[in-house]
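Colleague:
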Amino acid sequence: MRIKLTVNGLIYERDCIEHKTLLRFLREDLGLMGTKEGCGMGECGACTVIMNGRAVNSCMVLAVEADGASIRTIEGEAEGPSLSDIQRAFERNHAVQCGFCTAGMVMSVKELLAEHPKPSADQVKEAIEGNFCRCTGYTQIVEAVLDLTGSPEKKGELEHV
Amino acid sequence: MFDDMSPDDLEYVGKKAGRPDMLEKLTGEATFVSDMSLPGMLHVQLKKSPYARARIKGVDVSKAAAMPGVRAVVTGDELDYHIGLYIVDKYILAKGEVRHYGEAVAAVAAETIEQARAAVEAIEVDYEPLAPVLHHMDALKPDAPLVHPDLGTYSYIEAVFTPKPGTNIANHTKLRKGDVEKGFAESTYVVEREYSCPSVQHVPMETHVAIVQWGRGDKVSIWTSAQSPFTVRNLFCHAFGLPHINVRVQIPYVGGGFGGKAGIGVEPLCAVLSRKAGGKPVKFQASREEEFSLLPCRSALTYRIKTGVSAEGKILAQHMTMYWDSGAYADYAVNVTRASGYSASGPYEIPNAWIDAYTIYTNKPYGTAYRGFGHVEFHWAVERHMELVATAIGMDPLAFRLKNALRPGSVTLTGEKIVEHTGDVVKCIEEAARRVGYGQLTEAEKAREKQTGWKIGKGVAALQKAPAMPSYTATAVVLKMNEDGSVLVNLALTDYGQGTYASIRQIVAERLGFPIEKIKVAFENDTDRDPYDWQTVASKGLLLSGNAAILAAEDLLKNAYAVAAEVLHANPRDLAHDGTRVFVRHRADQGVSFASMAVGFALPNGSGVGGPLIGVGRYIAQGLSNLNKETGEGNPALDWTFGAHGMVVEVNEETGEYRVLKIASIYDVGRAINPDIVRGQAIGGMMQGLGTAICEGYIYDQQGRLLNPSFTDNKIPTAKDLPLEVECAVVETPQVDGPYGARGVGEHSMISVAAALGNAIQKATGAEITHMPMRFEDVWRAIRDKEPIDNWITKSPIGSCRSVPEARPRS
Ligand code: FES
Ligand code: FES
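Protein chains in written order, with our numbering: chain A, 1 to 161; chain B, 1001 to 1811.
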């Protein structure tokens, strides 16, 4: 089937087999490798992209379902040569370790902030609940978001005894 | 090295500094092996065993081989390579017999993954199912089937390991200190309990993946998501009998490892397929299910501890028996057994000790290294035991810990003497206790109890770990100066998220006295380009490679000074430098820039001086020795990192539900080179530890089929599982031979989290839990039974359960 969709503001038109997931379409057909696969079963959130304004697990969406849709992926996040505010906050707060969950995390945070520009810590945790991160223990990710939104909640530091 | 420098004199070490890999990872530009493809690359799918143990009577691949797009099919029968880290006991594909559910029997490489999948469907395997041996305690019974009848013929590292041919025991580690019988005879109390924990998965977010191309002239190129490029190369060359110069291993960005990618994994399989397919590159990426059942996990443990205590609460004797379930292959599990054997008591002084630690083969997915290398599992036992012993003898558990904790002058199990600069576990324990207000509830907590009806309890647990590695473990770091005077750092210690490269960068900038922006640590490792490093494991990376980085920086400066001395007609002793130039100390205007010397200095007349500036640093572990196989005596520990957690938990006694209100984790890290990275490791490991404490674990049915190889049934913690409050702090007793006094802490954060939780739950409810994970239903049952209970999941079906007394081997 022929599909046409917008990804990060660019229009793509491709032939696509019906059973191909949006995740594989992005990676294999469009060469956008930033979005990762952690399970392929809709459980881990590594493949999160934004489709028509909503964060979705792209491994659970068929590419043909995205016909006509507008998609945002991690490749479209930086603003020109410089990182976006979310990316800079992640950087400042050491919210990345191996980086495999990062693309999905950033997408979930992006959706959250579009809806709640000033989320509480609980709202942040809620928003990224579907994104597994095995490395960071989440704290520095939550802090990155709160730091970005100027939340008064105190950020933790390594203390010296 | 430089362990005594004051923080005031340090520019980068101990200060905030960013990570060098952020930009790539945050923009999606970082390339993982998962993201790579090569021209003509083939894709692999595997035929896997539905049985835990079966004889393979025949494999018919004729249909599969003829299917469209199929370029190579291999079966175990046609391969004769044994692979193994310490005991060489594994084939690339099962041969003759399958030894665990999910083991690969045949493999297909095809042009597309769909074609490979279809071909695998068409492979027919004729099995004769055999009765599996599933529980490691059953495997010790005299009539138990042997998982490896040929154990006696396998090669292994004889100086370190002791397999028992004719049994399922892959290794027996012994330790004997003092006179335990006398110690027990002098004891007022003797308490004996048994503890256990199941196998768990590392769950790196990027599953195991490799691309291998077996080129002409047997030149092999490997791209792999692995922790240790040189170990992959070495074991690969041994397995295939290839010279090391034929094989090149490259490791780009890696999506997590946690020990699961420490050794060799799926590379040999891709290699034989590539060779058979005429040298086309072949890629295999494990599915999440395969990550659980085909690739290794963490061993289950049953740990029996008998402790003799004086009337004053001093431990006089301890008898410890560990039964490690290695699964179908020994891999790292034998070394986990060894390392756990010599550390078995935790950070406490045991004057008279008797330890037997067994690695036991069973028909289950095999065990390997996992963050903590056995210490998470046995500290669960030791730190629950300290709590239960204290309770049994009527002493406060914190006071009991402090009374027995290692202090300067104490002697460890292997005979090593603790000194002032070894580290301070007492301070860690006291600080953890202080931070959770151990021993009583605050007014606010009392009010909360009233309001919720849930009981609040506070627990403390301590921990220790030394790197588990060969006594002569070595590494090297090479610094290369670029034309503009900036510096490239090459090392084969990998950074798969831990942040070691950020710290190495700080160390190099510090020692060179260069602005940190001028230092680049090269990600993407390559055995053809990087200097040797043994493995990225054991929390030894920062210590060994940090020292090598200091020495490399000094070498680079020495070489630069030699050129500058010639150019400036000065004695090298009279030279000094800043971030851009070398100059004469007493005539600072006379100098020469690093940039002008970086690739060779040109005199005004055009003739050259020096050459490209390079610094080399080599470092090898000092003063360690093999352990005596009979007594366990020797010096295994490069450094001990001590720590402790304090935990506050609230429990609903009606339902068994609980919530972690606070955890405070304290480690004696020697010196925190990068505080934010230490904190990242501390919290990341703590959450991993909490995951195994609250919910993770393998569950099998009676036939040995893994029932939960997915995130649906094997949960890992999410952001919502975070304790309400998380605190991390460091004690800094400098490690004399650590870089700027630092010692490792990457694994330690995972250790003893479960025990702290168990202790806090016990304080709240009196429940004596001895098996983890502690799911709500386990807590509920423990509260009702008021005695340690078996884990309900493990009664039936089979998982990890308590030992059967008659199966215990005699010591
Ligand atoms: S890869 Fe899509 S949710 Fe895991
Ligand atoms: S940073 Fe590794 S999984 Fe999140």
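Cβ coordinates follow ideal geometry from the N, Cα and C atoms, glycine included.
What you are looking at is a predicted structure, and each value in this text was computed from that prediction instead of being measured.
1. My understanding is that B/Asn1168 touches B/Ile1355, with C-beta atoms under 8 Å, so please give their C-beta distance in whole angstroms.
2. Does B/Val1160 come out as helix, strand or coil in the three-state DSSP assignment?
3. Keeping to the same chain, check which residues put their C-beta closer than 7 Å to that of B/Val1180; ignore five residues upstream and five downstream.
4. Output the distance between the C-alpha atoms of B/Thr1594 and B/Pro1007, rounded to the nearest integer angstrom.
5. For the region 1685 to 1716 of chain B, which residues have a beta carbon sitting closer than 8 Å to at least one beta carbon of chain A?
6. Kindly provide the ranges of any beta strand (DSSP E) runs that are 3 or more residues long and lie completely inside the region 1249 to 1299 of chain B, ordered along the chain.
7. Quick check: is the beta carbon of B/Asp1676 nearer than 8 Å to any beta carbon in chain A?
8. Check each candidate in B/Thr1112, B/Leu1130, B/Ala1277 and B/Arg1019 and name the one with the smallest Cα separation from B/Ile1056.
9. Taking buried to mean at least 16 other C-beta atoms within 10 Å of its own C-beta, is B/Asp1533 buried or exposed?
10. In three-state DSSP terms, what is B/Ala1474?
11. According to DSSP, is B/Phe1240 part of a helix, a strand, or is it coil?
12. Would DSSP call B/Ile1211 helix, strand or coil?
13. Is B/Asp1138 buried or exposed, if buried means 16 or more other CB atoms sit within 10 Å of its CB?
14. Note down the Cα distance separating B/Asp1077 from B/Asp1089, rounded to an integer number of angstroms.
15. Checking 8 Å against the spacing of the C-beta atoms, do B/Gly1215 and B/Gly1279 come in under that value?
16. Within this structure, are the beta carbons of B/Arg1401 and B/Ala1462 separated by less than 8 Å?
17. Taking CB distances under 8 Å as the criterion, tell me whether A/Met60 reaches chain B.
18. Since A/Asp122 is in the alpha helix (DSSP H), which residue starts that stretch and which ends it?
19. Quick one, are the C-beta atoms of B/Leu1544 and B/Tyr1342 less than 8 Å apart?
20. Compute the minimum distance between the beta carbon of A/Met41 and the heavy atoms of ligand 2, and state whether it is under 7 Å.
21. Between B/Ala1664, B/Glu1029 and B/Tyr1189, which lies nearest to B/Ala991 when the distance is taken from Cα to Cα?
22. Is A/Leu22 close to ligand 1? I mean its beta-carbon at under 7 Å from any heavy atom of the ligand.
23. Rounded to the nearest angstrom, what separates A/Ala89 and B/Glu1517 at their Cα positions?
24. Assign B/Pro1717 to buried or exposed, taking buried as 16 or more other Cβ atoms, counted over all protein chains shown, within 10 Å of its Cβ.
25. Nearest-angstrom Cα distance between B/Ala1271 and B/Gly1257?
26. Is A/Glu37 close to ligand 1? I mean its beta-carbon at under 7 Å from any heavy atom of the ligand.
27. From the DSSP output, read off the bridge partner residues of B/Asp1526.
28. Suppose the cutoff is 7 Å on Cβ atoms and the five residues either side in sequence are ignored; what does the same chain contact list for A/Asn8 look like?
29. Below 9 Å on C-beta distance, what does B/Lys1427 contact in chain A?
30. Against A/Ile128, what residues of chain B qualify as contacts under a CB-to-CB distance less than 7 Å, listed in chain order?
31. Between B/Phe1032 and chain A, is there a C-beta pair that is closer than 8 Å?
32. Whether or not the region 105 to 124 of chain A and the region 1686 to 1699 of chain B are in contact is what I'm after, with contact meaning three or more pairs of Cβ atoms, one per stretch, closer than 8 Å; do they touch?
33. In three-state DSSP terms, what is A/Glu13?
34. Of all the CB atoms in chain B, is at least one closer than 8 Å to the CB of A/Gly41?
35. Say yes only if the C-beta of A/Met33 is nearer than 7 Å to one or more non-hydrogen atoms of ligand 2, and no if none qualify.
Modeller: In brief:
1. Actually they do not touch by this definition, with Cβ atoms about 20 Å apart.
2. coil
3. Ala1317, His1319, Asn1352, Ala1353 and Trp1354
4. Residue identity differs from the one stated: residue 1594 of chain B is Phe in this sequence, not Thr. When rounded, the distance between both Cα atoms is 27 Å.
5. Taken in chain order, the members of the region 1685 to 1716 of chain B whose beta-carbon sits within less than 8 Å of a beta-carbon on chain A are Gly1685, Met1686, Met1687, Gln1688, Ser1710, Phe1711, Thr1712 and Ile1716.
6. 1282 to 1285
7. yes
8. B/Leu1130
9. Buried, by the Cβ-count rule.
10. Note: B/Ala1474 maps to strand in three-state DSSP.
11. helix
12. strand
13. buried
14. 16 Å
15. For B/Gly1215 and B/Gly1279, yes; Cβs fall inside 8 Å.
16. yes
17. no
18. Ala121 to Ala127
19. no
20. no
21. Residue 991 of chain B falls outside the range modelled here, since chain B spans only 1001 to 1811, and no answer is possible.
22. Relative to ligand 1, A/Leu22 has its C-beta separated by 7 Å or more from all heavy atoms.
23. Spanning the two alpha carbons is a distance of roughly 20 Å.
24. buried
25. 22 Å
26. Answer for A/Glu37: yes, Cβ within range of ligand 1.
27. B/Gln1250
28. Arg72, Thr73, Glu75 and Gly76
29. Within 9 Å Cβ-Cβ: Val161.
30. Ala1719
31. Against chain A, the CB of B/Phe1032 has a partner CB under 8 Å away; the residue lies at that interface.
32. Too few Cβ pairs lie closer than 8 Å, so no.
33. strand
34. Just to set this straight, residue 41 of chain A is Met in the shown sequence, not Gly. True, the Cβ-Cβ gap to chain B drops below 8 Å.
35. no
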